[in-house]
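This report refers to the structure that appears directly beneath it.
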Amino acid sequence: MTSPELESARRVARRHGEQIGRLIKDAAEINIKIGCAADSLLLRQSPEGFWCGELTADTTLESDYILLQLWLHQPNGSAWNPPSRARIDKACRSILERQLPNGGFNIYHGGPAEVSATVKAYCALKLAGCDAHSEPLRKARERVLALGGLQATNSYVKINLSLFGLYPRQFAPSVPVEITLLPGNVLYEMSSWTRSILMPLSIVQARGANRRAPEGFTVDELLLAGVSLKLPRRNKFSVLFHHLDRVFKVWEKRGSQHIRGAAIREAERWILDRARSTEGLGAIFPAMMYFIMALDALGYPKDHKEMVDALRHFESLILETGGRFIFQPAVSPIWDTAISVFALAEAGRQNDAGMRRAADWLISKEVRRKGDWSVKRPDTEPSGWAFEFANEFYPDIDDTAMVLLALMHAKGSDPAAQAAAERRAINWLLAMQSSDGGWAAFDVDNNWAVLNHVPFADHNAMLDPTCPDITGRVLECLCRRGLTDHEAVRRGVAYLLNAQEKNGSWYGRWGVNYLYGTFLAMRGLASSGAPGAQEAIARGADWLRATQNPDSGWGESCASYARDRFLPAPSCVSQTAWAVLGLLAAGRGGAAVSSGIQFLLERQKADGTWPEEASTGTGFPNVFYLTYGMYRDYFPLLALTQFA
169 MTSPELESAR RVARRHGEQI GRLIKDAAEI NIKIGCAADS LLLRQSPEGF WCGELTADTT
229 LESDYILLQL WLHQPNGSAW NPPSRARIDK ACRSILERQL PNGGFNIYHG GPAEVSATVK
289 AYCALKLAGC DAHSEPLRKA RERVLALGGL QATNSYVKIN LSLFGLYPRQ FAPSVPVEIT
349 LLPGNVLYEM SSWTRSILMP LSIVQARGAN RRAPEGFTVD ELLLAGVSLK LPRRNKFSVL
409 FHHLDRVFKV WEKRGSQHIR GAAIREAERW ILDRARSTEG LGAIFPAMMY FIMALDALGY
469 PKDHKEMVDA LRHFESLILE TGGRFIFQPA VSPIWDTAIS VFALAEAGRQ NDAGMRRAAD
529 WLISKEVRRK GDWSVKRPDT EPSGWAFEFA NEFYPDIDDT AMVLLALMHA KGSDPAAQAA
589 AERRAINWLL AMQSSDGGWA AFDVDNNWAV LNHVPFADHN AMLDPTCPDI TGRVLECLCR
649 RGLTDHEAVR RGVAYLLNAQ EKNGSWYGRW GVNYLYGTFL AMRGLASSGA PGAQEAIARG
709 ADWLRATQNP DSGWGESCAS YARDRFLPAP SCVSQTAWAV LGLLAAGRGG AAVSSGIQFL
769 LERQKADGTW PEEASTGTGF PNVFYLTYGM YRDYFPLLAL TQFA
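First residue of the sequence shown: 169, per this note's numbering; consecutive thereafter.
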């Protein structure tokens with residue numbers, strides 16, 4: 169070899185050596201960061217074996233809490249002195265702390281003022297004693313009127329106010345209790361959460377008409393002059409349901425009391441049955457609140473066991489420390505535990521002592537009774553996991569798939585019991601596939617679209633249709649369990665291929681939004697190894713790279729639901745982790761993944777956690793969003809681990 173050739177070879181060797189050195193250094197840094205994040209996560213495990221982060225939302229929960237106190241503790245003339253005054257004051261401070269500069273209140277972090285949330289806050293603050301002429305209420309009132317007035321609020325605001333004579337009853341939708349007597353299981357064509365909300369609310373409307381606000385109290389100042397109070401008519405179906413609503417209102421006054429009494433008794437039985445195997449009816453805030461109101465309307469005294477338990481479960485949702493007072497819409501222990509276990513196991517911590525405790529805890533929470541889902545699957549053996557500590561009537565498909573992914577790694581102390589639970593859960597998942605090949609959250613074929621036009625359907629969650637995000641997770645679960653050749657997997661793959669948007673993304677129902685749906689659909693398709701999936705995955709990867717922010721992270725606004733398209737937002741760590749996980753599922757490393765990983769590394773705190781305030785969870789699209797307190801930690805850990 170000549171001298172120039174030798175020198176050239178040496179330069180190449182030096183460059184390669186430097187690259188290898190950087191790779192080794194980067195790998196060492198990532199492993200340190202992974203270890204720190206895993207240690208931090210393990211430190212937050214409860215002695216019983218579970219994880220449960222905070223689950224928070226907007227001010228509507230605190231506002232509704234104050235209205236509930238008015239229901240339970242009626243005023244004496246113009247004086248209202250409920251025994252819960254100290255908590256009401258805390259709730260007011262919590263609401264005021266989140267008022268926007270323009271006077272309104274939003275429904276997601278960084279979002280604009282929203283009329284229903286602002287009306288609820290105004291009403292609660294005024295009811296609690298805030299001066300209507302004070303700056304916070306004056307600005308809130310101005311914002312409400314600018315947003316269309318009280319007439320522009322959703323049905324549940326109008327219903328709640330009508331219960332106290334604060335909104336004309338004839339212009340608030342009726343929820344007829346007689347729905348319990350309709351043939352054909354019409355009730356079970358509604359989503360599970362809608363059922364658990366409407367059943368107690370129907371009792372409240374039927375039996376609670378004698379409630380009142382303090383004398384002289386009104387919110388008429390929120391009505392926009394010249395705007396009709398009539399329910400909006402969007403199409404021919406809504407016109408039909410509005411006619412039916414008028415019929416229901418006549419029936420309420422003149423109908424058979426015998427039939428109404430039978431319907432109330434059946435509704436009472438229904439809600440009591442479903443409250444005794446859970447921590448509150450449906451284990452979600454609105455159903456639990458209406459359950460308390462329904463029991464009170466039915467005459468249950470405050471010291472009755474059903475009422476005591478209902479109040480205890482409801483108040484367990486409060487995060488109250490010092491001056492802080494925040495209501496959680498639900499609690500998420502099974503969800504947080506399953507994802508934490510999966511992330512830790514992927515990080516190499518599957519043999520940690522905490523993993524066995526977690527596995528034993530999860531196995532103990534398997535649902536072993538038939539719930540509402542069994543109306544359409546009567547011959548299926550019960551199994552599955554719920555979202556909360558206890559909610560036996562409502563195991564959900566998403567949590568069940570996530571628990572099965574976690575239990576692939578985490579081994580409990582009784583292998584035979586674990587194997588039996590896993591077998592039952594897999595069979596339950598297979599049975600819960602809908603006819604279009606996808607999976608929904610709680611039910612099968614819950615897609616009777618005509619119900620979206622009833623007057624009280626504007627919470628945008630009347631139905632529980634199949635969705636790409638849950639279907640992707642179920643596919644990953646089934647395929648990693650060795651069912652890649654199963655017919656259910658083939659149908660699920662076909663569903664996802666058909667559901668892909670033209671730009672290569674997938675809609676996300678339970679996380680915001682296209683970033684969430686895309687990463688889960690890509691992971692499901694990649695796990696399947698199905699013919700034709702690679703092209704769809706590649707298109708998804710192209711879309712993810714195209715939506716990366718200039719700072720190398722990813723962010724998506726909750727407003728993407730209203731626009732039906734991706735709307736970028738400031739980068740946050742959970743959504744960045746989702747995008748990285750999607751790209752890794754595509755087998756695409758490259759600059760987008762490397763820079764996304766660097767984004768996560770640079771933002772990790774010394775204690776192994778990450779900062780994040782964004783609302784990246786979805787309750788009801790366009791209506792209610794969630795901030796999961798642990799998304800900011802276990803998703804980045806999973807992304808770093810799978811990159812490493």
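Ideal placement from N, C-alpha and C gives every residue a C-beta, glycine not left out.
What distance in whole Å lies between the Cβ atoms of A759 and F687, which are believed to be in contact at a cut-off of 8 angstroms? In fact, because the Cβ distance is near 18 angstroms, the residues do not count as touching under 8 angstroms.
Count the other CB atoms, across all protein chains shown, that sit within 10 Å of the CB of Q338; report buried if there are 16 or more and exposed otherwise. exposed
Short Cβ contact (8 angstroms threshold) for Y290 with L390: yes
State the DSSP-derived secondary structure class of D564, mapped to helix, strand or coil. strand
Sorted by chain position, which residues of the same chain lie with C-beta nearer than 6 angstroms to I188's C-beta, five sequence neighbours on each side aside? No answer about I188 holds up, because its pLDDT of 38 lies below 50 and its placement is not dependable.
What is the residue span of the beta strand (DSSP E) that T652 lies within? First-last for T652: undefined, no H or E at that position.
What span of residues does the alpha helix (DSSP H) with F453 cover, start to end? F453 to A465
Just to confirm the assignment, what range does the alpha helix (DSSP H) spanning T228 have? T228 to L240
Between the alpha carbons of A379 and S323, how many angstroms are there, rounded? Looking at the sequence provided, one finds Arg at residue 379 rather than Ala. Rounded to the nearest angstrom, the two C-alpha atoms are 19 angstroms apart.
Beta-ladder partner(s) of F792, from DSSP: F788
What's the gap between the Cα of L665 and the Cα of A754? Here the alpha carbons of A754 and L665 stand approximately 15 angstroms from one another.
Short of 8 angstroms in beta carbon distance, which residues of its chain neighbour I192, apart from the five on each side in sequence? Order them along the chain. Low confidence applies here, because I192 scores a pLDDT of 47, under 50, leaving its location unreliable and the question unanswered by this model.
In chain order, what residues of the same chain lie with their CB nearer than 8 angstroms to the CB of L392, ignoring the 5 residues before and after it? L313, G316, G317, L318, Q319 and A320
Option in G757, W711 and L751 with minimal Cα separation from P736: W711
Using C-beta distances below 7 angstroms, list every residue in its chain close to S581, excluding the 5 sequence neighbours before and after it, in chain order. R524 and D528
Coarse secondary structure for E483, derived from DSSP in three states: helix
Tell me which residues share the same chain as H577 and place their Cβ nearer than 6 angstroms to its Cβ, disregarding the 5 neighbours each side in the sequence. A513 and Q518
According to the neighbour-count rule (16 or more other Cβ atoms, all chains shown, within 10 Å of its Cβ), is R536 buried or exposed? Note on R536: under 16 other CB atoms within 10 angstroms of its CB, so exposed under the neighbour-count rule.
Flag this pair as touching only if the segment 775 to 793 and the segment 701 to 720 have three or more C-beta atom pairs under 8 angstroms; answer yes or no. no
Just tell me which of W596, A292 and M358 has its CA closest to the CA of T548. W596
Rounded C-beta distance between A498 and A554? I'm assuming under 8 angstroms. About 10 angstroms; that fails the 8 angstroms criterion.
Tell me the DSSP secondary structure of L191 in three-state form. Note that L191 scores a pLDDT of 42, beneath 50, so its modelled location is shaky; the value from the coordinates is reported in the next line. Three-state result, L191: helix.
Taking Cβ to Cβ, would you say P304 is nearer than 8 angstroms to L293? yes
Mind listing, in chain order, the continuous alpha helix (DSSP H) runs of no fewer than 4 residues lying wholly within the segment 287 to 359? 303 to 314 and 323 to 330
What whole-angstrom Cβ distance do Q702 and E724 have, given they're in contact under 8 angstroms? Between E724 and Q702 the Cβ distance is about 25 angstroms, and since that is not below 8 angstroms, they are no contact.
Assigned exposure category for H426 - 16 Cβ within 10 Å defines buried: exposed
Bridge-paired residues (DSSP) for E724: P736
Which listed residue (Q237, N620, M367 and G271) has its alpha carbon closest to that of I347: M367
Secondary structure of E434, DSSP reduced to three states: helix
Just checking S284 against the ligand FMN - is the residue's beta carbon closer than 7 angstroms to any of the ligand's heavy atoms? Inclusion of the ligand FMN in the displayed structure is not the case, the ligand content being empty and no account of it being possible.
Under 7 angstroms Cβ to Cβ from S763, same chain only, skipping five residues before and after it: list those, please. S720
Considering R492, what are the terminal residues of the beta strand (DSSP E) in which it resides? Where R492 is concerned, the enclosing beta strand (DSSP E) starts and stops at R492 to F495.
Using only the alpha-carbon positions, how far apart do Y458 and R649 sit? 41 angstroms
Three-state secondary structure (DSSP) of A609: coil
Using beta-carbon positions only, say whether G271 and K326 come within less than 8 angstroms of one another. no
Assumed close pair D732, R641 - CB separation to whole angstroms, cut-off 8 angstroms: Between R641 and D732 the Cβ distance is about 23 angstroms, and since that is not below 8 angstroms, they are no contact.
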